[in-house]
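Quick notes on the structure that follows.
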Amino acid sequence: MKHFLTLISVLTLSLQAIAQPGSEVLFNYAGDKKVTVDEFERYFKKNLNIVNQEMTPEKIREDLELYIKFKLKIQDAHDAGMDTAKSYLQEVDMFREQLARSYLYDREVTDALIREAYDRLSQEVEVSHILIAVNSKAKPADTLLAWQKIKGIYDRIMANPTTFAVEAKNSDDPGTRDNSGNLGYMTALQVVYAFENMAYNTPMGGISGVFRTDFGYHILKVTNKRSNRGDIKLRHILLRVGMTPEGTEENQKRKIEDIYRKIKSGESSVADMARNFSEDFNSRSNGAGGEMDFINATMFIGDPDRQSLVDRGFNLKNPGDYSEPFRTSLGWHIIQKMEVRPVGSFEMMKTTLKNQVQNNQRAQKSVDALVEKVKKENGYKEYPENMNALIAVLDSNFAKGIFKAGNLPEFAASNQGKKGRVYVKPNTAKVPLKTLPLFDLGGEKYNVGQFASHLEASMQSPNGDYMDFVNAVFKDWVKSKCVIYQDQHLEEKSPEFKHLYQEFKEGILMFARMQQKVWDKANEDTAGLKAYHESNKTKYMWNDRFDCEVYLCANKKMAGSVAKMVKKGIQPDSIRRKHTRSNTVSMDYRMGKYESTDTFLFPDGRILSTLFGNIEYREKPGKIYNLNQIGANWVVVKVNEFISAGPKKLEECRGLAANDYQTFLEEQWLKDLLNAYPYSVNQSVFDVFSKRMLEEKNAGK
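Take the sequence shown: its letter number 311 is residue 304 in my numbering, and every next letter is one higher.
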């Protein structure tokens, strides 16, 4: 009995050691499926941070129920075979490849590159350049010709630096050769890394040496350097020249001057003029009266016109100040300064910069550091004597760029090979050449045969000594194998990567199943949607509406003239043309069906409140009313019809009804899932978890 009790104690202690905190099963579902506390805790804390929710026992339980439903949807997708669909597997593979990039870098080197990028972003550099294009894989003869051409240009510029603009006409960059090579202002992370380095390392007023990128050979001139002013938000009025028959230079110049006079006199605002007349349709249609998103000069590298527009905005002294009309290649402009947003702090920008750095050529530094780390941690070893054995059998065809792995001899040469390329060990063992190892990594040997196949695929005419060429290809091959090795072991090396990858796989599965069960059905099930709408008509109602024409006039006299023309049945466009001959912005109109809340469609919201506030306007369709002066306009309204509040037809609320129908379908689907996949929560484990979360919250963790 004593031995038995001792055995029980040992087993109990062993089980306690195995069941580490967090590994306890929180709930079971679909028979044998289990979810641990750790898994739910990751979801719970991430969701808590996203929505910044209050934490209570009830909220924790609510989140648990949501997660259970999520897992049931995933199970349903698995049972429907969606995890084996070709489209799903392709999407998952694509995501894994993108996600892995963030984990295939040396973090210390990446952090240094992020800091470098941020420091450079604090400065803008004005550059001009000359390019002689040559492909990075061009034949030696073509590369030599390009080099001789750029070297000649460089020597002439060094003899007389003022000739840079003249020499720019020889550039192969069509966007800048007729503009003295001017690219305007640039900053970090906008051009290839070699070009960026040269721009920041060349002093102001200086000319760089010749340098090469994947595009060819460059010479760069730095005209100016200035602090990054940040981003600016502008209000913009644009009248395009030549876009329409009426948009002639003369007409658009006269129209922009009319707009400017009206703004300057206080009759109207930049916002109202933009809303009514601007041909920058993106900013005009956003409802904010010509308000653009934040922009900066370096967004428009290579486009001096747009950079000039941004500079004009920064040169306006105060928010609210506006420019006189000015001309660019786009047309006539007026801009108003709204807000300046300085460059963000390093902490604010760090995550964004990390993503940019990892997708930039500078990332190669980080990859090189990773390769060295992988070699060190995974027993990397080279066999240079076996590389010599391969090089010894390469013949004169290799120097011409002709090589077939299948033509290699069966055995390595002995030490009577070519001078300087001797296989140092006599080949007494007769080991097949292709089986000779070139390096070890992670317990696996990579041999001559594998490298020969890679060499054949990479083959081109070696430029110079072909031993150098072979070694360069070998070095790149080793790098790729180290990165692949790290990639293949990411799940075991990085729990963070493992969890993110799993979350995506489940999320995309649920999305695909939701698409089938809810979203597509709501869009395609016309009869079901129609029946749902019919049963829920009172959810979709119009308020009272006026079907009307609203004319906005510059003065009382014009309002009287417009009213007479409306009464005669003259078309609105004809009325506007007559009254804008001398002043292009003196009259405008709106027409449609409007509720009292549609004030954003009018320059002054009191127009609709006046219309809805007088019962007389509802009684006689077809009647014309002069509402007198409202804001900056004299307003004439023709009421075509007053439409009393009532239910919307399905075609009038299809989007909203379809959205509600989706919710209805999802609720039905969840009922089916709960029947198909019963679940049970381990209440004692949940109580411990809930208590711990509340304690952490109260402790400020």
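Quick reminder that beta carbons are idealized off the backbone N, C-alpha and C, glycines included.
Contact under 8 Å by Cβ, residue i with residue j
| i | j | result |
| --- | --- | --- |
| E697 | R233 | Since the displayed the chain opens at -6 and closes at 694, residue 697 lies outside it and no answer follows. |
| E84 | T180 | no |
| F204 | M191 | yes |
| P640 | M534 | yes |
| P196 | V215 | yes |
| Y315 | I328 | yes |
| V30 | F605 | no |
| F20 | I61 | yes |
| M686 | M266 | no |
| S487 | Y178 | no |
| V441 | L383 | yes |
| V632 | C546 | no |
| N464 | P297 | no |
| A290 | L182 | no |
| L502 | M75 | yes |
| G598 | T592 | yes |
Assumed close pair residue i, residue j - CB separation to whole angstroms, cut-off 8 Å
| i | j | result |
| --- | --- | --- |
| L176 | H122 | 6 Å |
| R538 | A73 | Rounded, the Cβ-Cβ distance is 46 Å, inconsistent with contact. |
| W627 | N529 | Actually they do not touch by this definition, with Cβ atoms about 44 Å apart. |
| F270 | I252 | 6 Å |
| V476 | V360 | 7 Å |
| T169 | A187 | Incorrect: roughly 18 Å between the Cβ atoms, too far for contact. |
| L387 | L323 | That pair is no contact at about 59 Å. |
Other residues of its chain near residue i: CB distance less than 6 Å, five sequence neighbours each side excluded
| i | result |
| --- | --- |
| R222 | F307 |
| K472 | V364 |
| A362 | D99 and V102 |
| F157 | I150 and K214 |
| R268 | G282 |
| E17 | V30 and V678 |
| K142 | I125 |
| A23 | Q68 and Y670 |
| E375 | F432 |
| L65 | L666 and Y670 |
| G199 | V215 |
| H526 | L643 and A650 |
Neighbourhood of residue i by C-beta distance below 8 Å, restricted to the same chain and skipping five residues each side
| i | result |
| --- | --- |
| Y478 | V367, N371, L434 and G435 |
| S446 | A398 |
| N516 | A651 |
| A356 | Y98, T103, L106 and V350 |
| T421 | A caution first: T421 carries a pLDDT of 46, below 50, which makes its placement in the model unreliable, though a value can still be read off. None. |
| R54 | F679 and S683 |
Cβ neighbour criterion (16 or more within 10 Å) applied to residue i
| i | result |
| --- | --- |
| T519 | exposed |
| M341 | exposed |
| Q508 | exposed |
| E634 | exposed |
| T103 | buried |
| G174 | buried |
| G282 | buried |
| L649 | exposed |
| D69 | buried |
| F444 | buried |
| M(-6) | Here the model assigns M(-6) a pLDDT of 38, short of 50, so the residue's position is not dependable and the matter cannot be decided. |
| R113 | buried |
| S637 | exposed |
| H211 | buried |
| R219 | exposed |
| V630 | buried |
| R277 | buried |
| E160 | buried |
| H482 | exposed |
| E119 | buried |
| A552 | buried |
| F319 | exposed |
| K765 | This structure does not reach residue 765, given that the chain is present from -6 up to 694, and the question cannot be answered. |
Closer than 7 Å: residue i CB and nearest the ligand NAP heavy atom
| i | result |
| --- | --- |
| A70 | In terms of ligand content, the structure shown is empty, and the ligand NAP therefore cannot be addressed. |
Other residues of its chain near residue i: CB distance less than 7 Å, five sequence neighbours each side excluded
| i | result |
| --- | --- |
| R583 | V543, L594 and F595 |
Exercise. Are the segment 644 to 660 and the segment 564 to 575 touching by the rule of at least three beta carbon pairs closer than 8 Å?
Worked result: No contact exists between the segment 644 to 660 and the segment 564 to 575.
Exercise. Taking contact to mean at least 3 C-beta pairs separated by less than 8 Å, is the segment 577 to 586 in contact with the segment 612 to 619?
Worked result: With the cut-off at 8 Å, the segment 577 to 586 and the segment 612 to 619 do not touch.
For this session: Could you say if the segment 213 to 228 and the segment 237 to 246 meet the contact criterion of at least three C-beta pairs nearer than 8 Å?
Result: Between the segment 213 to 228 and the segment 237 to 246, the count of C-beta pairs closer than 8 Å stays below three; the two stretches do not touch.
For this session: Determine contact between the segment 618 to 628 and the segment 481 to 498, defined as no fewer than three beta-carbon pairs at a distance below 8 Å.
Result: Contact between the segment 618 to 628 and the segment 481 to 498 is absent, because fewer than three Cβ pairs lie under 8 Å.
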